[in-house]
Each structure stands twice: as C-alpha cells, then as structure tokens.
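Every position in the sequence shown, counted from 1, becomes a number in the working numbering once 7 is added.
Structure first, then comments.
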Amino acid sequence: MASTRTVPDLTSYLKRAGHVLETQLHAALGEIGLTTRMQCVLSHALEGERTQIQLAELAYLDKTTMVVTVDALEQAGYAERKASATDRRTRIIAVTEAGAKIAHESQAIVDRVHRETLAALTAEERAPFVAALETLLNDRLATPVDAQPVRRARERTN
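Laid out in structure tokens, this is it:
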C-alpha cells in the first residue's frame, strides 16, 4: 500500500540525525573518558551555580540518570556536591579545577564534531539551516507536551 504522507517525516529525520550525531559525540568524547551526559552537565555547571535538578532540566536528564551522572563526575574528580553560597540548605554541583579543564577540552571536541557535521552543507546552506532549526526550537518545538503513554486495552480471558 502506498504511503499517504503529504509532508516530510520530520520525526524520523530529526530522530535519526540526533541519534547519529549523539553516537559520533559519544565516540569522540569517549577518547577522553567522558560521556555526552557528563560533558553536558559539566558545561552547564560551569555557567553558574546550579542545583542538580536545574542541571537535569538543562541537560534533559531524568532524576535517576542525573544522580548516576553526577556520581560518575564526582568519582572522576570533575565535580562535587556542595552547599550553595547563597542558601546553605541547597546543594549545588560545583566543577573542580580538573573538571573545568576537561570541560574546556570536551567542548573543543563537541565543537569539532559539530563543525564536521555542518561541513556536509555548503557555506551558503549552513546559516539558513541552523537558523531554521533555532526557529523551530523557539516556536513549535519549544515545549514538550505532557502526554501519557498510550496503553493497549487488556484482552479478556474467559
């Protein structure tokens, strides 16, 4: 049966592109012992004093994954959980000196992978492509919809 699609399958395009780019980043960052999650959390933690919950939101990580990621960063000596300077009851994720060093090194790797990816486009195509993605992310794709998963009805057994 022929497809009834009348517009490009954006979901497949974006999922596949995101997946492949993520695997390329994972392989490149693996060379210095970081995961993409670790790199993302470190880079956001360097931007300012942030709690684990704030960093999880910025990195699009669930609570459990965030805890595991921060544990790994602590074990590697790249970050530590500390009391906030402004509210002693609040714990923040502080980047250590070693963490700042590897965060800068990892950002150079991420930038390289992104540059290599964009190199597949002509110079004239790059800026409009990135601008179009930014437009989508600031408009129709800015906020996820809170939807419950669809569940199949249980079959009755007699």
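Idealized CB from N, CA, C, for every residue including glycine.
Since this is a predicted model, take the numbers as computed values, not measurements.
Item: According to DSSP, residues forming a beta bridge with V102; Value: A86
Item: Three-state class that DSSP yields for T93 in the structure shown; Value: coil
Item: Straight-line Cα distance separating H26 from A152; Value: Per the sequence shown, the amino acid found at residue 152 is Val instead of Ala. Roughly 21 angstroms separates the two Cα atoms.
Item: Whole-angstrom C-beta distance between T76 and M45, which should lie under 8 angstroms; Value: 6 angstroms
Item: K19: first and last residue of the uninterrupted alpha helix (DSSP H) it sits in; Value: Looking at the sequence provided, one finds Ser at residue 19 rather than Lys. Here the alpha helix (DSSP H) through S19 covers 17-37.
Item: T76 (DSSP reduced to helix, strand or coil); Value: helix
Item: CB-CB length for A83 against V102, believed under 8 angstroms; Value: At roughly 12 angstroms, the Cβ-Cβ gap does not stay under 8 angstroms, so A83 and V102 are not in contact.
Item: Proximity below 8 angstroms, CB of R98 to CB of Q59; Value: yes
Item: Classification of I39 by the beta-carbon crowding that lies within 10 angstroms, buried from 16 upward; Value: exposed
Item: Where H111 falls, given that 16 or more other Cβ within 10 Å makes a residue buried; Value: exposed
Item: Option in L21, Y20, T43, K22 with minimal Cα separation from Q31; Value: T43
Item: Assumed close pair L53, A107 - CB separation to whole angstroms, cut-off 8 angstroms; Value: 6 angstroms
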